[in-house]
Ligand code: BEZ
């Protein structure tokens, strides 16, 4: 998927703002070597660097990494695939915010993370959890079906596991899971009613790959109408996010 890094920073900066909570869970110390996996445009990597950590940020998107390098030229950023990366020098911690739900091959990413950690190192992350944006997905499928698209019920592009499911994968790799939580986080969409179409265009364009350009606005409008009862609250629109967090130790 090709990312629009400018739009991401402008309208979806909440992704890294919410990530500040998981930074507290990481509790980085000065001097620690930390890998930010799926660093996006680098805002959280920069906060970690500000705490005195020695940070490396990787992301599969060249657009995101180009923007991260421009914003924070003093941090080491690189384009890398989460299921296929390696480093010569190991890390004290691997940190990830809002990236792991893009990776359906969780076993491979967990293995890579394990391999780059020092013994005693920690993997601390937040991602979409089981049921995340389920109302958004259901409304999108309903409207696509109504217009004769997605008849086969294409799977959505994300991986939203339960705590038990992801913890089992971490344990299979040899991690000890010392903390995990699954919780609701109603997430404010930018620009009110327009926010649903903007969110879907940014995060779920694959849903609409078959829709002709002249039909797209109608489809997005109808999805928005379906969501209004659940998403609109006093003029603000909120998406039904659910989050999964964990701390896993390499022993
Ligand atoms: C997120 O960035 O947290 C997110 C992206 C796609 C689907 C759900 C959540």
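In my numbering, the protein residues as written are 2 to 252.
We put the beta carbon where it would ideally sit given N, CA and C, even for glycine.
Considering only C-alpha positions, which residue in the set the options is nearest to residue i?
| i | options | result |
| --- | --- | --- |
| residue 204 | 159, 227, 178 | 159 |
| residue 24 | 6, 2, 176, 50 | 50 |
| residue 63 | 231, 75, 165, 5 | 5 |
Tell me which residue opens and which closes the alpha helix (DSSP H) that residue i is part of.
| i | result |
| --- | --- |
| residue 228 | 214 to 232 |
| residue 113 | 107 to 117 |
| residue 79 | Where residue 79 is concerned, there is no enclosing alpha helix (DSSP H), although the beta strand (DSSP E) it sits in stretches over 77 to 80. |
| residue 144 | 135 to 147 |
| residue 196 | 195 to 204 |
| residue 45 | 44 to 51 |
Which residue marks the beginning of the beta strand (DSSP E) containing residue i, and which one marks its end?
| i | result |
| --- | --- |
| residue 178 | 176 to 189 |
| residue 65 | First-last for residue 65: 63 to 72, but that is the alpha helix (DSSP H), not the beta strand (DSSP E). |
| residue 56 | 55 to 60 |
| residue 237 | 237 to 251 |
| residue 37 | 34 to 38 |
Could you tell me the alpha carbon to alpha carbon distance between residue i and residue j, rounded to whole angstroms?
| i | j | result |
| --- | --- | --- |
| residue 119 | residue 80 | 22 angstroms |
| residue 220 | residue 233 | 19 angstroms |
| residue 139 | residue 10 | 27 angstroms |
| residue 54 | residue 32 | 5 angstroms |
| residue 95 | residue 193 | 35 angstroms |
For residue i and residue j, which I take to be in contact (beta-carbon distance under 8 angstroms), what is that distance rounded to the nearest angstrom?
| i | j | result |
| --- | --- | --- |
| residue 110 | residue 240 | Between residue 240 and residue 110 the Cβ distance is about 24 angstroms, and since that is not below 8 angstroms, they are no contact. |
| residue 115 | residue 251 | 6 angstroms |
Could you give the DSSP three-state label for residue i: helix, strand or coil?
| i | result |
| --- | --- |
| residue 94 | strand |
| residue 125 | strand |
Would you say residue i lies against chain D (beta-carbon separation less than 8 angstroms)?
| i | result |
| --- | --- |
| residue 190 | The chain labelled as chain D is not found in the depicted structure, where only one protein chain is given. |
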